[in-house]
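Asks:
Residue numbers (the numbering used here): 136 to 276.
#1: I need the DSSP call for residue 232, collapsed to helix, strand or coil.
#2: Span of the beta strand (DSSP E) holding residue 173?
#3: Beta-carbon separation of residue 180 and residue 273 under 8 Å?
#4: Do you know how far the Cα of residue 177 is from the Cα of residue 170?
#5: Am I right that residue 212 and residue 245 are in contact with their C-beta atoms under 8 Å? What's the rounded C-beta distance?
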């Protein structure tokens, strides 16, 4: 600590947190105060390596990125598919072109994959949440 800076420390415990205050004064008139709080009690949990791996790998398998890719493909195919269906069935009664059929197919498959991916992702999230609840409900040592 610099020779021009003095420090005063005080501690007290109020409410659910303990508080520590430090006031620093420089050689002149300027002062600043740092206040640090901490909880009175920290809960710790023992978990197995398997449970830790499940929690650690919950969102790292690329499912979220795949869902966004499918969503982008679905969104990109929306206008071409709508135009192809409009041209084939409302303007003229000709069959869909290969490109139009492909865009409709991408739209339908993309929608199915986005919805299915979200269902799987939501189930994985609830599994992780239930695992966290189980760990927290364990008896205290």
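Glycine included, every Cβ here is placed at the ideal spot set by N, Cα and C.
Every value quoted in this text rests on a predicted model; they were computed, and no experiment measured them.
Replies: By the coordinates alone:
#1: Counting from 1 along the chain shown, the entry for residue 232 is found at position 97. Coil.
#2: What you label residue 173 is simply residue 38 of the chain shown in a count that begins at 1. That run of the beta strand (DSSP E) goes 166-174.
#3: Position 45 of the chain shown, counted from the first residue, corresponds to residue 180. Position 138 of the chain shown, counted from the first residue, corresponds to residue 273. It is a contact, given that the beta carbons lie within the stated cut-off.
#4: Along the chain shown, one-based indexing puts residue 170 at 35. Along the chain shown, one-based indexing puts residue 177 at 42. Taking the straight line from one Cα to the other gives about 20 Å.
#5: Numbered from 1 along the chain shown, position 77 holds the residue referred to as residue 212. Numbered from 1 along the chain shown, position 110 holds the residue referred to as residue 245. At roughly 6 Å, the Cβ-Cβ gap stays under 8 Å, so residue 212 and residue 245 are in contact.
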